[in-house]
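Asker:
Number of protein chains: 2
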Amino acid sequence: MKTVSLELVEIHELAFSCLMQNGADKLNASALADTIMNAERDGSHSHGLFRLPAYVASLRSGKVNGKARPSASSLTPAVIRLHGDNGYAPMAHQIGIPELVKATKTTGIGVMAITHVHHMAALWPEVEAIAKHNLVGLACTPYMPAVAPAGAIKALFGTNPISFAWPRPGNTPVVFDMATAAMAMGEVQIAARDGHSVPLGTGLDADGQATTDPQKIAEGGVLLPFGGHKGSAIAMMVELLAAGLVNENFSFEAKEGDNGDGGPPRGGQFILALAPDIIAGAGWEDHCDRLFDRMSGMDGVRMPGDRRHKNRLSDAPRKINSDLVKKIRHLMA
Amino acid sequence: MKTVSLELVEIHELAFSCLMQNGADKLNASALADTIMNAERDGSHSHGLFRLPAYVASLRSGKVNGKARPSASSLTPAVIRLHGDNGYAPMAHQIGIPELVKATKTTGIGVMAITHVHHMAALWPEVEAIAKHNLVGLACTPYMPAVAPAGAIKALFGTNPISFAWPRPGNTPVVFDMATAAMAMGEVQIAARDGHSVPLGTGLDADGQATTDPQKIAEGGVLLPFGGHKGSAIAMMVELLAAGLVNENFSFEAKEGDNGDGGPPRGGQFILALAPDIIAGAGWEDHCDRLFDRMSGMDGVRMPGDRRHKNRLSDAPRKINSDLVKKIRHLMA
Chain A
27 MKTVSLELVE IHELAFSCLM QNGADKLNAS ALADTIMNAE RDGSHSHGLF
77 RLPAYVASLR SGKVNGKARP SASSLTPAVI RLHGDNGYAP MAHQIGIPEL
127 VKATKTTGIG VMAITHVHHM AALWPEVEAI AKHNLVGLAC TPYMPAVAPA
177 GAIKALFGTN PISFAWPRPG NTPVVFDMAT AAMAMGEVQI AARDGHSVPL
227 GTGLDADGQA TTDPQKIAEG GVLLPFGGHK GSAIAMMVEL LAAGLVNENF
277 SFEAKEGDNG DGGPPRGGQF ILALAPDIIA GAGWEDHCDR LFDRMSGMDG
327 VRMPGDRRHK NRLSDAPRKI NSDLVKKIRH LMA
Chain B
27 MKTVSLELVE IHELAFSCLM QNGADKLNAS ALADTIMNAE RDGSHSHGLF
77 RLPAYVASLR SGKVNGKARP SASSLTPAVI RLHGDNGYAP MAHQIGIPEL
127 VKATKTTGIG VMAITHVHHM AALWPEVEAI AKHNLVGLAC TPYMPAVAPA
177 GAIKALFGTN PISFAWPRPG NTPVVFDMAT AAMAMGEVQI AARDGHSVPL
227 GTGLDADGQA TTDPQKIAEG GVLLPFGGHK GSAIAMMVEL LAAGLVNENF
277 SFEAKEGDNG DGGPPRGGQF ILALAPDIIA GAGWEDHCDR LFDRMSGMDG
327 VRMPGDRRHK NRLSDAPRKI NSDLVKKIRH LMA
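Chain order of the listed sequences is A and B.
For what it's worth, this note's numbering labels the leading residue of the first sequence as 27, then goes sequentially.
For what it's worth, this note's numbering labels the leading residue of the second sequence as 27, then goes sequentially.
Structure below.
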């Protein structure tokens with residue numbers, strides 16, 4: 027793969043300008059460019075510039091509001107409803123996360139039910155933003171049908187990612203962010219683009235047969251949930267929390283209502299926050315460090331989030347796929 | 027396997043009497059006998075009478091308080107702390123669940139942090155008790171080290187079950203209750219007892235090698251998390267929510283503090299409740315039925331909890347392992 031080296035500020039500028047030239051206003055373009063730059067910074071290429079053409083497609087088609095002004099309201103002291111004004115999710119998070127943090131600092135637990143957003147980014151930014159305030163964050167969202175429930179050969183669930191951040195004051199949080207599919211569709215798409223195979227169990231082809239060819243999974247095939255019927259149950263839970271409880275589209279409804287422009291469908295998100303200061307009381311940080319010390323002391327164990335946080339420390343330029351950069355510049359012409 | 031047929035009331039009476047003769051008082055023996063009978067009713071043999079000898083062992087050793095009087099207090103309108111008085115978890119749930127339901131009906135979301143309980147039952151009873159009130163329930167608990175984190179060959183996590191119930195007014199809830207181990211230790215023990223093998227990926231032997239022999243996993247070996255590093259992340263989340271956040275023992279701490287009598291160690295539990303009436307608003311039942319209809323209409327898909335709920339409908343006697351009944355009667359001699 028041919029790459030070009032771009033400084034983080036250049037990545038931001040590229041994304042920001044491209045979004046501005048395609049219908050976003052400064053606030054929205056800036057929120058989304060932050061998210062894209064931070065993904066590249068952390069080495070999450072599948073959620074970085076790779077997504078920009080799709081973001082642009084939905085701005086151009088008018089499906090997504092590039093000038094969104096999300097609004098938050100409290101249903102109870104612990105429940106916040108956030109209307110995304112049909113914009114991209116990172117804009118909604120900028121408005122809503124501070125409200126969720128404020129509520130959770132008082133009530134010990136808070137939930138934010140987000141509707142009318144288009145979410146195609148990673149889910150760690152929102153839970154890390156919560157963890158910065160020494161709160162625990164958990165987030166999940168459906169998408170469009172891509173994953174077959176355990177036992178089936180047709181898609182019903184989205185790749186339905188779930189993210190979780192545990193705060194470690196004075197240290198990087200422990201964070202995981204994972205598709206409940208055996209592999210994220212972004213990863214499958216990148217494997218297809220780069221000509222790599224994927225492990226057996228990742229998905230089925232159009233005939234319902236197991237395959238290691240990412241192209242066959244991405245086009246006409248279907249992903250499988252991670253971990254068989256247990257992962258399938260977790261994927262179902264994501265549909266129920268982030269669509270049923272939030273009162274937004276299930277993955278299958280999101281697809282039915284989508285215009286097919288290639289960008290993310292309208293959907294919702296479930297974000298939970300918990301205050302260990304209130305629930306556990308004093309001393310929770312040291313207590314949890316005992317678990318983390320045990321884990322990281324075991325041969326072969328990698329702490330969730332560590333690789334991303336290590337990548338983050340480097341301010342060196344990032345290597346970006348050349349064809350992708352060309353494609354993005356073409357969108358700005 | 028030789029079995030005897032016992033009516034549900036006989037199962038209850040057997041468990042109740044055995045517990046009463048071994049140090050439990052009426053309230054505690056009754057709560058635990060309900061749980062045991064309901065497990066046999068639903069076909070969950072691994073959480074029924076099979077557990078009774080271990081329950082008795084911990085009453086006899088004095089580790090567990092058979093006369094527990096759990097007490098609940100509100101830390102905030104949405105956070106309940108429940109001290110289990112060192113008794114068995116079902117007794118604590120009888121006291122705490124009504125408080126959690128009451129709080130959640132007002133605040134829309136509630137969490138109960140349970141400490142000082144000994145939990146060796148299934149986790150669906152507590153979430154089904156929540157779902158009866160048209161609330162969503164989610165519960166998890168650590169145990170003793172039995173599961174190797176992804177990449178490791180030594181145990182650190184418990185089998186760390188997680189349960190979830192979604193209410194369906196006028197219908198049985200959709201419920202899953204699963205170990206985050208590839209297989210619950212109770213199932214592995216039953217496979218070992220009955221001479222069955224287990225699937226590859228269930229666990230490792232004492233040398234860290236993959237095996238299909240449940241005996242080698244149960245004695246000196248280790249279970250693996252379901253779904254590789256993703257299931258391992260969920261197992262870690264259970265430790266953090268049900269020990270770190272609750273301020274109780276992690277699995278490894280539970281073992282260090284345990285007297286080795288074979289019964290469940292002292293630990294905590296995290297229970298979350300959510301009110302769709304408040305968060306989603308009117309119409310959520312029909313909306314979610316659309317998802318359930320899609321799922322159950324797919325070839326090969328089984329709705330989580332359905333098999334248990336079908337078993338429940340039968341009032342026929344249940345077949346119980348004869349040796350187990352003999353063993354229990356011996357404990358009453």
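For each residue, glycine too, the CB sits at the ideal point set by N, CA and C.
With burial defined as no fewer than 16 other Cβ atoms inside 10 Å of the residue's Cβ, what is the status of B/His-145: buried or exposed?
Answerer: B/His-145 comes out buried.
Asker: By Cβ distance below 6 Å, which residues in the same chain neighbour A/Ser-100 in space, the five residues on each side in sequence not counted?
Answerer: The residues are Ile-106.
Asker: Just to confirm the assignment, what range does the alpha helix (DSSP H) spanning B/Thr-132 have?
Answerer: Per DSSP, B/Thr-132 belongs to the alpha helix (DSSP H) from 115 to 133.
Asker: Touch check for the stretch 157 to 174 of chain A and the stretch 182 to 194 of chain A: three-plus C-beta pairs under 8 Å?
Answerer: Short answer: they touch.
Asker: Any contact between the stretch 285 to 300 of chain A and the stretch 126 to 139 of chain A? By contact I mean 3 or more CB pairs, one from each, below 8 Å.
Answerer: Yes, they touch.
Asker: Is the beta carbon of B/Ala-147 sitting closer than 8 Å to the one on B/Met-117?
Answerer: No; because the gap between Cβ atoms is not below 8 Å, this pair is not in contact.
Asker: How long is the line joining the alpha carbons of B/Ser-258 and A/Ser-72, rounded to whole angstroms?
Answerer: Taking the straight line joining both Cα atoms gives about 23 Å.
Asker: Going along the chain, which residues of its own chain have a beta-carbon closer than 7 Å to the beta-carbon of A/Gly-254, five neighbours each way excluded?
Answerer: Same-chain partners within the cutoff: Ala-176.
Asker: Using a Cβ cut-off of 8 Å, pull out every chain B residue sitting near A/Leu-108, in sequence order please.
Answerer: Near A/Leu-108 there are no residues of chain B at all, since even the closest Cβ is about 12 Å away, more than 8 Å.
Asker: Buried or exposed: where does B/Gly-309 fall if 16 or more other Cβ atoms within 10 Å of its Cβ makes it buried?
Answerer: Its Cβ having fewer than 16 others within 10 Å, B/Gly-309 is exposed.
Asker: Measuring alpha carbon to alpha carbon, tell me which of A/Ala-191, A/Leu-85, A/Val-200 and A/Glu-66 ends up nearest A/Arg-328.
Answerer: Among A/Ala-191, A/Leu-85, A/Val-200 and A/Glu-66, the Cα nearest to that of A/Arg-328 belongs to A/Val-200.
Asker: So, at 7 Å on beta carbons, what are the nonlocal neighbours of A/Asn-347 in its own chain, with the 5 sequence-adjacent residues on each side left out?
Answerer: Excluding positions up to five away in sequence, the list reads Met-27 and Thr-29.
Asker: Hey, is the stretch 309 to 324 of chain B in contact with the stretch 271 to 282 of chain A, meaning 3+ C-beta pairs nearer than 8 Å?
Answerer: Cβ pair count under 8 Å is three or more, so yes.
Asker: The stretch 127 to 157 of chain B: which residues have C-beta closer than 9 Å to a C-beta of chain A, in chain order?
Answerer: Result list: Thr-132, Thr-133, Gly-134, Ile-135, Gly-136, Val-137 and Ala-139.
Asker: When the Cβ atoms of the stretch 319 to 337 of chain A are set against those of the stretch 281 to 293 of chain B, are three or more pairs found closer than 8 Å?
Answerer: Judged by Cβ distances under 8 Å, the stretch 319 to 337 of chain A makes no contact with the stretch 281 to 293 of chain B, as fewer than three pairs qualify.
Asker: On a CA-only basis, which of B/Thr-228, B/Lys-345 and B/Ile-121 is nearest B/Ile-179? Give me that one, please.
Answerer: Among B/Thr-228, B/Lys-345 and B/Ile-121, the Cα nearest to that of B/Ile-179 is on B/Thr-228.
Asker: Tell me, to the nearest whole angstrom, how far the beta carbon of A/Ile-123 is from that of B/Thr-102; I am working on the premise that it is less than 8 Å.
Answerer: Their Cβ separation, rounded to whole angstroms, is 20 Å, which puts A/Ile-123 and B/Thr-102 out of contact at 8 Å.
Asker: Please determine, among B/Asn-112, B/Leu-161, B/Gly-113 and B/Met-209, the residue with the shortest C-alpha to C-alpha distance to B/Glu-129.
Answerer: Note that residue 129 of chain B corresponds to Ala in the displayed sequence, not to Glu. Nearest C-alpha to B/Ala-129: B/Leu-161.
Asker: Using C-beta distances below 6 Å, list every residue in its chain close to B/Gly-246, excluding the 5 sequence neighbours before and after it, in chain order.
Answerer: Same-chain partners within the cutoff: Ala-232.
Asker: For A/Ser-189, which residues in the same chain have their Cβ closer than 8 Å to its Cβ, ignoring the five residues on either side in sequence?
Answerer: Excluding sequence neighbours, A/Ser-189 sits near Ala-148, Leu-149, Trp-150, Glu-152, Val-153, Gly-163, Leu-164, Ala-165, Cys-166, Val-201, Phe-202, Asp-203 and Met-204.
Asker: Could you work out which residue in A/Ala-59, A/Leu-78 and A/Met-63 is closest to A/Arg-355 when comparing CA atoms only?
Answerer: Looking at the Cα atoms, A/Leu-78 is the closest of the given residues.
Asker: At the 8 Å Cβ level, is B/Pro-302 part of the contact set with chain A, yes or no?
Answerer: Yes, because at least one Cβ of chain A sits closer than 8 Å to the Cβ of B/Pro-302.
Asker: Can you give the beta carbon distance from A/Ile-121 to A/Ala-98, rounded, assuming they're within the 8 Å contact cut?
Answerer: With 8 Å as the limit, A/Ile-121 and A/Ala-98 qualify as a contact, their Cβ atoms being about 6 Å apart.
Asker: Considering Cα atoms alone, identify which of A/Lys-52, A/Leu-32, A/Ser-84 and A/Ala-50 is closest to A/Asn-285.
Answerer: With distances taken between Cα atoms, A/Asn-285 lies closest to A/Ser-84.
Asker: Is any beta-carbon of chain A found at less than 8 Å from that of B/Phe-42?
Answerer: Not an interface residue.
Asker: With A/Ser-43 and A/Met-358 assumed to form a contact (beta carbons below 8 Å), what rounded beta-carbon distance in angstroms separates them?
Answerer: Their Cβ separation, rounded to whole angstroms, is 6 Å, which keeps A/Ser-43 and A/Met-358 in contact under 8 Å.
Asker: Give the residues of chain B in contact with A/Val-177, contact being defined as C-beta atoms less than 9 Å apart.
Answerer: Reading off the sequence shown, one finds Gly at residue 177 of chain A, where the question assumed Val. Within chain B, the residues near A/Gly-177 are Met-324, Asp-325, Gly-326, Val-327 and Arg-328.
Asker: Kindly list the residues whose CB is nearer than 6 Å to the CB of B/Gln-215, restricted to its own chain and excluding five residues on each side of it in sequence; keep chain order.
Answerer: So the list reads Ala-244, once near-sequence residues are dropped.
Asker: Helix or strand or just coil, what does DSSP make of B/Ser-72?
Answerer: Residue state, collapsed to three classes: helix.
Asker: Distance cutoff 8 Å, beta carbons only. Does A/Val-105 sit that close to anything in chain B?
Answerer: Output row for A/Val-105: interface = yes.
Asker: Which complete beta strand (DSSP E) runs does the stretch 287 to 355 of chain B hold, if anything under 3 residues is left out?
Answerer: Complete beta strand (DSSP E) runs here, min 3: 292 to 300 and 344 to 347.
Asker: Please report whether the beta-carbon of A/Lys-281 lies at a distance below 8 Å from any beta-carbon of chain B.
Answerer: For A/Lys-281, the answer is no, since every Cβ of chain B falls outside 8 Å of its Cβ.
Asker: Identify the residues that DSSP records as bridge partners of B/Phe-276: which are they?
Answerer: According to DSSP, which records beta bridges pairwise, B/Phe-276 is partnered with nothing at all.
Asker: Just checking: is the beta-carbon of B/Thr-102 within a distance shorter than 8 Å of some beta-carbon in chain A?
Answerer: True, the Cβ-Cβ gap to chain A drops below 8 Å.
Asker: Keeping to the same chain, check which residues put their C-beta closer than 8 Å to that of B/Lys-281; ignore five residues upstream and five downstream.
Answerer: Taken in chain order, the residues that qualify are Met-170, Pro-171 and Pro-291.
Asker: How about A/His-73: is its C-beta nearer than 8 Å to some C-beta of chain B?
Answerer: For A/His-73, the answer is no, since every Cβ of chain B falls outside 8 Å of its Cβ.
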